[in-house]
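Heads up, the thing below is written out as structure tokens.
2 protein chains.
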Amino acid sequence: MSDPFVVVGGDAAGLSAASKFARERPDGDVIVYEKGRWISYAHCGTPYYVKGEVEHVTDLLSLSPSEVEDRGIALRRNHEVVAVDTDDRTVTVAHDGDRSVQSYSDLLVATGARAVSDPIDGSSLDGVFTLHGIDAACAIRAVLGEPGTDPVDTSVEAVDRETVERYTAWEPPETVAVVGGGYVGIEMAEAFRAHGLETHVFQRSGHLIPPFGEAAGQRVAEHVREQGVTLHTDCAVEELAGDDRVEAVVHEDGRLAVDLVLVGIGIRPNTELLSGTPVELGESGAVTTDDHGRTTVEGVYAAGDCAETRHAVTGEPAWVPLGLTANRAGRAIGQTVAGTPSPVGDIAGTAVVKAFDMECGRVGLIDHEAAEAAGFDPVSETVTAGSRSGYYPGGDETTVTLTADRDSGRVLGGAISGRDRAAIRIDTLATAIERDTTVAQLERLDLAYAPPFSPVWDPVLVAAKVLNGRLE
Amino acid sequence: MSDPFVVVGGDAAGLSAASKFARERPDGDVIVYEKGRWISYAHCGTPYYVKGEVEHVTDLLSLSPSEVEDRGIALRRNHEVVAVDTDDRTVTVAHDGDRSVQSYSDLLVATGARAVSDPIDGSSLDGVFTLHGIDAACAIRAVLGEPGTDPVDTSVEAVDRETVERYTAWEPPETVAVVGGGYVGIEMAEAFRAHGLETHVFQRSGHLIPPFGEAAGQRVAEHVREQGVTLHTDCAVEELAGDDRVEAVVHEDGRLAVDLVLVGIGIRPNTELLSGTPVELGESGAVTTDDHGRTTVEGVYAAGDCAETRHAVTGEPAWVPLGLTANRAGRAIGQTVAGTPSPVGDIAGTAVVKAFDMECGRVGLIDHEAAEAAGFDPVSETVTAGSRSGYYPGGDETTVTLTADRDSGRVLGGAISGRDRAAIRIDTLATAIERDTTVAQLERLDLAYAPPFSPVWDPVLVAAKVLNGRLE
């Protein structure tokens, strides 16, 4: 009997791979080791659980352990893979104080990423949270919990009862600070405002959601201010102060008394398991992979938030840890390991975010520094155009930024923001970019027109027209 | 002095061409002849004017005559071009009982299309309308007019006062029939229901909005029924009965007493002006044009609803009279005539429609007969998937139909329907189709994911995955 396909990590990438493998090779063995209690949860849904828009923590769970087992997958929760020997093709697994060794035929490292908070002094105080994982979401919801409701159902087996109960006992906060104006920060500001809290967002740079470009950042800033959020841009947080519990944010311009802090300043790939192995990491610190998700060591794959993926615009590896990338790569690797080689697909850096009623999307290379580093000669235009025919009610100004390469005319990236169906329009640009489209070709696309959905010239076409005028 | 650029028709294509020409060649002469009183109006907005969602008829006008003149365009309303001599390069113009001859350097035929109603006996009765043109919209709104409001402002100079006043005097209808379940019919059913009328839609074939495919047609049928519309599908209308005024719809299965009838069974290109000239028409009856909008006769261009355009999927001429096509071709022809040859762009047959709260989009070749006629071996799949993450509120089932060519795997066409941002998603498919994308490539596109806007696997990706499974 051959050794099993071993998967480290029971979330999007890991379980997608295991499920696909089990479906394609019902006779094969696959083991998934998950060091924690939670599996297969919707990370991107956690801000909406904190907000209360998603009612139960269980709503965020895609698959239960028994559903996973029913797929023919051996699921081992609370099992941490602590070492990999790529010569012997074994992993060492720690569980309940014991260690064991398991051989593998193929290994998928899908260890994910973790939220970073350590650059900020005081981030280990009580009342300081990051939002990475269900436990953090439950703890924050427990703090915010409205009287008369049971915000976190501790009958759910995997819930960390002790932490939840400790935070449930806290007085609900009145003033909260969000450190970091990226998309997690903005989503959490929306969540806190929904609970009626005085909400401050601190952003080190001059505009919010930097990967979406300046125009989108400005629209979001204006909108979140209208929603009662106090923005502190160009303002670095120096320290979170307090004894046991956080009491204040000490920043460049002063000190703000707070009851709770959410730190959303980025994440870092979990690759410690691979140190000491010949598996190479990329410049980003995430695992280098090829177009089939293979690492530099035979029989070892990596996928999800711990891995790099080839970028469709640059052709180079990039680390853009997002949900579709993880699911897609996991599924492809499961199929490859099962015997049918399947490419994981490039990424285009497509991302969308909701900030209260404002919607933003971004794709590709928008920033000129990044485009120049990739060897392009970037030129950008930003336009604002209506989302619907001017006479049709309910539309909103839609802001489109397009970046192209001056020499080839190729569209390199773009961002779209607005309150009326703006985010999903980014898929048009994502498709154009992945299919190597020039600005002139984009300008002539036969996009949809009907008064309730788009003006005759869709905002994307308007942007292409203006940018093309500069390229011609 | 050289002869002017002469444009026949003062709507989207004609005025786009004249405007672009005037901007590029401020020293050049351009004359626009419009046989009617209205220019540059938003045809696609007329159902929403009838509905009352667009309040004033003037809201539908993009450009006033004086704005057109300010652009350096000689606008001649109530001037009908009645003959073209392509040898002499002249047109004969009728105005106020007189005729005159005008030479041209280049000629653009942008005569549009007209609604068809003559196949139905009784279509000339009072109370039977088509919806093509502002006059028709004003007349219908006058009939529906609510007491205490002045639905059509007869101080607007171009309004046909006599007709409006005659219809204003009518008792508001209680029961209306819409003959034709295409998009005009469905939009008008929505408008009539907004006025509280008992609304019947008669459709000769088995499903509504046939160009959108069966799945979209079924979703729309179900939805409009929920909105109180009575559907008569597979039911041909034999006659509209009445003395002067329409009193009943006589159909295959019986007779329905009605107060008003809207016939929306299609349109026909206005090409009579060219009969007797060597300008060739295509199979559709619309004018044959090349990739620059040139007809088969030198110096004569055609654009808009009277012209064919090359289809991106078949590479063959097609007649898909829609707003963007007209505007885009007009603008390109204006630029070409001004001295900078500019392609008009292919069409992909992209169209979107709102049916109450249901949104539908379509693009390319969906129908197998059409795909086979174009030399493809079509295969289709229809899937239904959520528009948002399952746990996020406010989403709707989104139905996606994809048609591909079995041999090449190329995506040929698709349709999307649903209540949550479904229509605008068609632009993703339009872009994919115009950029020659295979189903396998579509399946691996990095499309947007965030719980409020899309599940991890966007419905388009789900459809591609399922269809690709059949192709592999």
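Residue numbers (our numbering), protein chains in the order written: chain E, 1 to 472; chain U, 1001 to 1472. Yeah, the Cβ is synthetic: ideal placement off N, Cα and C, and Gly gets one too. Since the model is a prediction, treat every value here as computed from it, not as a measurement.
Cβ-Cβ separation, residue j to residue i (assumed contact under 8 angstroms), whole Å
{"i": "E/ALA286", "j": "E/PRO269", "result": "4 angstroms"}
{"i": "U/ASP1357", "j": "U/HIS1223", "result": "7 angstroms"}
{"i": "E/ALA110", "j": "E/GLY330", "result": "7 angstroms"}
{"i": "E/ASP396", "j": "E/ASP427", "result": "Contact flag wrong, Cβ pair sits at about 18 angstroms."}
{"i": "E/ARG89", "j": "E/SER100", "result": "The pair is not a contact, with the Cβ atoms about 15 angstroms apart (cut-off 8 angstroms)."}
{"i": "U/TYR1254", "j": "U/ALA1012", "result": "It is worth fixing the name first, because residue 1254 of chain U is Gly in this sequence and not Tyr. About 41 angstroms separates the two Cβ atoms, so there is no contact after all."}
{"i": "U/HIS1132", "j": "U/ALA1115", "result": "4 angstroms"}
{"i": "E/VAL477", "j": "E/VAL143", "result": "Coverage of chain E is limited to positions 1 through 472, which leaves residue 477 of chain E absent and any answer about it impossible."}
{"i": "E/ILE73", "j": "E/ALA42", "result": "No, E/ILE73 and E/ALA42 are not in contact; Cβ-Cβ is about 19 angstroms, not under 8 angstroms."}
{"i": "E/GLY361", "j": "E/ALA415", "result": "7 angstroms"}
{"i": "U/PRO1455", "j": "E/LYS354", "result": "In fact, because the Cβ distance is near 14 angstroms, the residues do not count as touching under 8 angstroms."}
Three-state class that DSSP yields for residue i in the structure shown
{"i": "U/ILE1347", "result": "strand"}
{"i": "U/LYS999", "result": "Missing from the structure shown is residue 999 of chain U; chain U here goes from 1001 to 1472 and no further."}
{"i": "E/ARG331", "result": "helix"}
{"i": "E/GLY394", "result": "coil"}
{"i": "U/ARG1025", "result": "coil"}
{"i": "U/TYR1167", "result": "helix"}
{"i": "U/PHE1453", "result": "coil"}
{"i": "U/GLU1280", "result": "coil"}
{"i": "E/GLY304", "result": "helix"}
{"i": "U/CYS1138", "result": "helix"}
{"i": "E/GLN227", "result": "coil"}
{"i": "E/TYR41", "result": "strand"}
{"i": "U/PRO1378", "result": "strand"}
{"i": "U/ILE1120", "result": "coil"}
{"i": "E/VAL439", "result": "helix"}
{"i": "U/VAL1466", "result": "helix"}
{"i": "E/PHE356", "result": "coil"}
{"i": "E/GLU69", "result": "helix"}
Alpha-carbon to alpha-carbon, residue j and residue i
{"i": "E/GLY9", "j": "E/HIS79", "result": "10 angstroms"}
{"i": "U/ARG1487", "j": "E/GLY394", "result": "As shown, chain U starts at 1001 and ends at 1472. That puts residue 1487 of chain U outside it, with no answer to give."}
{"i": "E/LEU402", "j": "E/GLN227", "result": "28 angstroms"}
{"i": "E/ASP436", "j": "U/ASP1087", "result": "45 angstroms"}
{"i": "U/GLU1280", "j": "U/THR1288", "result": "6 angstroms"}
{"i": "U/VAL1201", "j": "U/ALA1169", "result": "26 angstroms"}
{"i": "E/GLU24", "j": "E/THR336", "result": "10 angstroms"}
{"i": "E/PRO147", "j": "E/GLY213", "result": "Note that E/PRO147 scores 48 on pLDDT, short of 50, meaning its location in the model is unreliable and no value can be drawn from it."}
{"i": "E/ALA236", "j": "E/VAL411", "result": "34 angstroms"}
{"i": "U/ILE1120", "j": "E/SER380", "result": "54 angstroms"}
{"i": "E/SER62", "j": "U/ALA1463", "result": "20 angstroms"}
{"i": "E/LEU260", "j": "E/SER19", "result": "39 angstroms"}
{"i": "U/VAL1093", "j": "U/GLY1036", "result": "13 angstroms"}
{"i": "U/ALA1221", "j": "U/LEU1231", "result": "8 angstroms"}
{"i": "E/THR327", "j": "U/GLU1472", "result": "Checking the displayed sequence, the identity of residue 327 of chain E turns out to be Asn instead of Thr. Rounded to the nearest angstrom, the two C-alpha atoms are 21 angstroms apart."}
{"i": "U/GLY1145", "j": "U/PRO1172", "result": "7 angstroms"}
{"i": "E/ASP98", "j": "E/VAL159", "result": "24 angstroms"}
{"i": "U/ALA1318", "j": "U/LEU1240", "result": "32 angstroms"}
{"i": "E/ALA450", "j": "U/ALA1351", "result": "8 angstroms"}
Cutoff 8 angstroms; reference residue i; Cβ partners in own chain excluding five residues on either side
{"i": "E/VAL54", "result": "GLY45, TYR48 and LEU60"}
{"i": "U/GLU1434", "result": "ALA1312, ASP1346 and ALA1348"}
{"i": "U/LEU997", "result": "Any answer about residue 997 of chain U is impossible in this case: the structure gives chain U only from 1001 up to 1472."}
{"i": "U/LEU1365", "result": "VAL1313, THR1314, GLY1349, ALA1371, ALA1374, PHE1376, PRO1378, THR1403, LEU1412 and GLY1413"}
{"i": "E/THR154", "result": "ARG161, VAL164 and GLU165"}
{"i": "U/GLU1369", "result": "none"}
Residues of its chain near residue i, where Cβ-Cβ distance is below 6 angstroms and the 5 sequence neighbours each way are ignored
{"i": "U/GLY1293", "result": "TYR1301, ALA1303, ALA1329, ILE1333 and VAL1344"}
{"i": "U/PRO1321", "result": "ALA1113 and ASP1305"}
{"i": "U/TYR1192", "result": "Reading off the sequence, residue 1192 of chain U comes out as Phe, not Tyr. VAL1176 and THR1199, listed in sequence order."}
{"i": "U/THR1382", "result": "ALA1215 and THR1401"}
{"i": "U/SER1016", "result": "ASN1327, GLY1330 and ARG1331"}
Proximal residues to residue i (C-beta, below 7 angstroms), its chain only, five neighbours per side dropped
{"i": "E/ASP4", "result": "In the sequence on display, residue 4 of chain E carries Pro and not Asp. Around E/PRO4: ASP29, VAL30, ILE31, TYR104 and SER105."}
**Report entry** the region 1309 to 1325 of chain U in contact with the region 1126 to 1144 of chain U per 3-pair CB rule at 8 angstroms
**Finding:** no
Query raised in the report: Are three or more beta carbon pairs between the region 1335 to 1354 of chain U and the region 1394 to 1408 of chain U nearer than 8 angstroms?
Result: no
Query raised in the report: Is there contact between the region 1284 to 1303 of chain U and the region 1096 to 1110 of chain U, where contact requires at least three CB pairs shorter than 8 angstroms?
Result: yes
Query raised in the report: How do the region 203 to 218 of chain E and the region 181 to 189 of chain E stand: do at least 3 beta-carbon pairs fall below 8 angstroms, yes or no?
Result: yes
**Report entry** the region 454 to 464 of chain E touching the region 369 to 388 of chain E, judged by at least three CB pairs closer than 8 angstroms
**Finding:** yes
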